[in-house]
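Quick notes on the structure that follows.
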Amino acid sequence: MMKGLKKWRLFSLLAVMTVFLSACGEEYISTLTPAGKVGEHQYDLLMLSIIIMSIVVIVVSFLYLYAFAKFRRSRLGENYMPKQVEGSHTLEVIWAVIPIVLLLILAVPTLMATYEFGDVKAMDEVDEDGNKTALTVNVTAKLYWWEFEYPEQGIVTAQELVVPTNEKVYFNLKAADVKHSFWIPAIGGKIDNNVDNVNKFWLEFGKESEGLKDGVFYGKCAELCGPSHALMDFKVKTVDRAEFDQWVASMQATEGNTASVDSTDLGEATFAQSCLGCHAVSGVGVTGAMGPNLTTFGDRNRVAGFLEHNKENLENWITNPEEYKPGNLMTGKYAELSPEEISAVADYIMSLSVEK
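Heads up, the sequence shown is in the UniProt record's numbering, so the first residue is 1 and it goes up one at a time.
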């Protein structure tokens with residue numbers, strides 16, 4: 001009876017694993033459906049290693065089963081002793097050479113790809129007027145959100161990275177507090193964000209994200225960084241170059257935008273009094289803010305990086321952010337706001353947009 005129960009438990013475990021693993025093929029977040037040059041190279045290396053490992057497993061299994069069948073006692077008797085090959089120079093050479101060859105087959109393309117992905121010399125190239133020719137994004141990871149600065153364009157945003165397709169985008173990665181790791185599974189990565197040094201690499205986005213679920217690729221923090229590590233997500237919107245340039249122009253047009261405590265709009269006035277010290281509402285400015293830049297909040301598809309993008313979730317987040325992201329650094333006067341003020345602030349934040 002107990003054996004039967006154990007078998008059913010194993011079956012149930014496999015069934016549950018199948019349900020979870022069925023999500024691994026989603027195009028917006030899966031390394032198995034790459035949508036960029038780096039991701040495709042990494043996928044090819046993954047397949048190469050799987051093929052080599054599969055060949056090794058098949059050969060070893062065949063030899064084991066062959067020996068098991070050929071030299072079984074029922075066939076050759078109790079006293080049969082197979083030929084001993086201990087000390088055979090031929091076999092020892094074979095056992096040494098084959099693993100070396102397999103390791104070289106894996107190591108050579110892996111090293112070549114590593115150096116290719118780490119080649120960021122083009123990041124500093126300039127045109128005749130002295131302007132940099134490559135798009136560079138400075139990524140700063142914080143507890144528990146992401147800040148994206150486009151230094152040549154003079155704009156800053158947060159939580160949603162916007163990039164053009166079919167060209168290299170270069171990244172400077174750093175962390176403001178503890179170590180994090182920047183990873184867009186379907187595009188490529190992952191690279192650590194360190195506090196003491198800047199890591200540099202590039203990605204190429206080969207597909208527009210408009211047709212994907214939520215219209216974005218998903219990005220993750222891939223380094224355990226605290227109690228809300230699993231909730232430290234960001235989104236990537238990939239568009240063609242013309243649409244990207246339009247987005248940049250829209251962001252630059254927000255220069256000087258701010259919220260006023262004298263506004264007749266309760267949401268704006270409350271935001272100016274309680275939130276503006278940490279959150280900017282202009283896409284033009286400097287990095288290093290305490291909280292995410294909210295200029296494009298109305299264009300995003302998530303609240304706090306993982307909650308469905310609606311007013312109710314935003315109100316809940318403002319009311320008690322610690323409940324949703326333990327260990328986050330959002331503190332201030334929001335705790336003293338009335339339900340009416342929280343609702344008005346949520347309306348104001350949801351109205352912030354550069355795409356509408």
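For glycine and all other residues, C-beta sits at the position ideal for the given N, C-alpha and C. Small disclaimer: the values here were computed from a predicted structure and weren't measured.
Given residue i as reference, the closest of the options once Cα atoms are compared
| i | options | result |
| --- | --- | --- |
| Gly283 | Thr136, Gln84, Met112 and Glu147 | Glu147 |
| Val137 | Met123, His180 and Trp145 | Met123 |
| Leu212 | Glu125, Thr238 and Val195 | Thr238 |
| Ala158 | Pro151, Val139, Glu167 and Phe171 | Val139 |
| Ala289 | Ala176, Cys225 and His309 | Ala176 |
| Cys225 | Arg302, Trp145 and Pro164 | Trp145 |
| Ala107 | Arg302, Gly256 and Ile52 | Ile52 |
| Asp196 | Ala141, Leu14, Val286 and Phe71 | Ala141 |
| Asn166 | Arg75, Ser209 and Met251 | Ser209 |
| Tyr218 | Ser54, Met81, Gly188 and Val56 | Gly188 |
| Leu50 | Ile105, Glu223, Pro34 and Phe71 | For the sequence presented, residue 50 should be read as Ile rather than Leu. Here the closest residue by C-alpha is Ile105. |
| Asn257 | Phe117, Leu91, Asn293 and Met47 | Asn293 |
| Pro227 | Ser274, Pro326 and Met47 | Pro326 |
| Val286 | Ser274, Asp299, Glu255 and Leu307 | Glu255 |
Alpha carbon of residue i to alpha carbon of residue j, nearest angstrom
| i | j | result |
| --- | --- | --- |
| Leu103 | Pro109 | 11 Å |
| Met1 | Ala346 | Reliability of the predicted coordinates at Met1 is poor, the pLDDT of 49 falling under 50, and no value is obtained from them. |
| Arg73 | His89 | 28 Å |
| Leu276 | Lys179 | 27 Å |
| Pro31 | Cys221 | Reading the sequence as shown, one finds Thr at residue 31 and not Pro. Roughly 15 Å separates the two Cα atoms. |
| Glu27 | Val97 | 40 Å |
| Ile155 | Ile100 | 50 Å |
| Glu160 | Phe182 | 13 Å |
| Pro185 | Ala69 | 45 Å |
| Glu355 | Asp119 | 34 Å |
| Asp129 | Val248 | 20 Å |
| Ala272 | Leu135 | 33 Å |
| Leu352 | Ala259 | 11 Å |
| Lys207 | Ala67 | 51 Å |
| Glu125 | Phe62 | 55 Å |
| His229 | Ile29 | 17 Å |
| Tyr64 | Trp95 | 15 Å |
| Lys37 | Asp192 | 20 Å |
| Glu116 | Met47 | 19 Å |
Supposed contact pair residue j and residue i - C-beta distance, whole angstroms, cut 8 Å
| i | j | result |
| --- | --- | --- |
| Phe297 | Met350 | 7 Å |
| Lys205 | Val162 | Looking at the sequence provided, one finds Phe at residue 205 rather than Lys. Contact flag wrong, Cβ pair sits at about 10 Å. |
| Tyr113 | Leu10 | Tyr is not the amino acid found at residue 113; the sequence shown has Ala there. No, Ala113 and Leu10 are not in contact; Cβ-Cβ is about 39 Å, not under 8 Å. |
| Asn199 | Leu173 | 4 Å |
| Thr270 | Val281 | So it is not a contact: roughly 13 Å between Cβ atoms. |
| Glu322 | Asn313 | With a Cβ gap of about 15 Å, Glu322 and Asn313 do not count as contacting. |
| residue 365 | Val236 | Look at the range of the chain in this structure, 1 to 356, and you will see that residue 365 is not part of it. |
| Asn320 | Asp214 | The Cβ separation is near 25 Å, so there is no contact. |
| His309 | Gly291 | Actually they are not in contact, since the Cβ atoms of His309 and Gly291 sit about 17 Å apart, beyond 8 Å. |
| Tyr324 | Asp265 | Rounded, the Cβ-Cβ distance is 26 Å, inconsistent with contact. |
| Gln246 | Gln153 | Actually they are not in contact, since the Cβ atoms of Gln246 and Gln153 sit about 12 Å apart, beyond 8 Å. |
| Ser343 | Glu315 | 6 Å |
Enclosing alpha helix (DSSP H) for residue i [first to last residue]
| i | result |
| --- | --- |
| Asn316 | Lys311 to Thr319 |
| Ile105 | His89 to Phe117 |
| Gly285 | Segment: none, Gly285 is in no alpha helix (DSSP H) and carries neither H nor E. |
| Phe271 | Leu266 to Ser274 |
| Ile184 | Note, Ile184: premise wrong, no alpha helix (DSSP H); beta strand (DSSP E) at His180 to Ile184. |
| Gly219 | Gly219 -> not in any alpha helix (DSSP H); beta strand (DSSP E) instead, spanning Phe217 to Cys221. |
| Glu160 | Not the alpha helix (DSSP H): Glu160 falls in the beta strand (DSSP E), residues Glu160 to Pro164. |
| Leu65 | Lys37 to Lys70 |
| Asp347 | Pro339 to Met350 |
| Arg75 | Arg73 to Leu76 |
With 16 other Cβ atoms within 10 Å as the buried cut-off, status of residue i
| i | result |
| --- | --- |
| Ile58 | exposed |
| Trp317 | buried |
| Glu341 | buried |
| Thr241 | The question names Thr, yet the displayed sequence has Arg at residue 241. Classification of Arg241: exposed, given that the 10 Å Cβ count is below 16. |
| Gln42 | buried |
| Ala304 | buried |
| Gly267 | buried |
| Thr331 | exposed |
| Gly93 | Per the sequence presented here, residue 93 reads as Val, with Gly not at that position. With fewer than 16 Cβ atoms within 10 Å of its Cβ, Val93 is classed as exposed. |
| Gln84 | exposed |
| Phe171 | buried |
| Met81 | exposed |
| Glu149 | buried |
| Thr133 | exposed |
| Lys121 | exposed |
| Asn79 | exposed |
| Leu143 | buried |
| Ser274 | buried |
Residue interval of the beta strand (DSSP E) (run including residue i)
| i | result |
| --- | --- |
| Tyr150 | Trp145 to Tyr150 |
| Glu204 | Asn199 to Glu204 |
| Gly245 | Note on identity: in this sequence residue 245 is Asp, with Gly being the wrong assignment. Unbroken run through Asp245 is the alpha helix (DSSP H), Arg241 to Gln252; no beta strand (DSSP E). |
| Gly189 | Gly188 to Asn193 |
| Val139 | Leu135 to Lys142 |
| Tyr170 | Lys168 to Ala175 |
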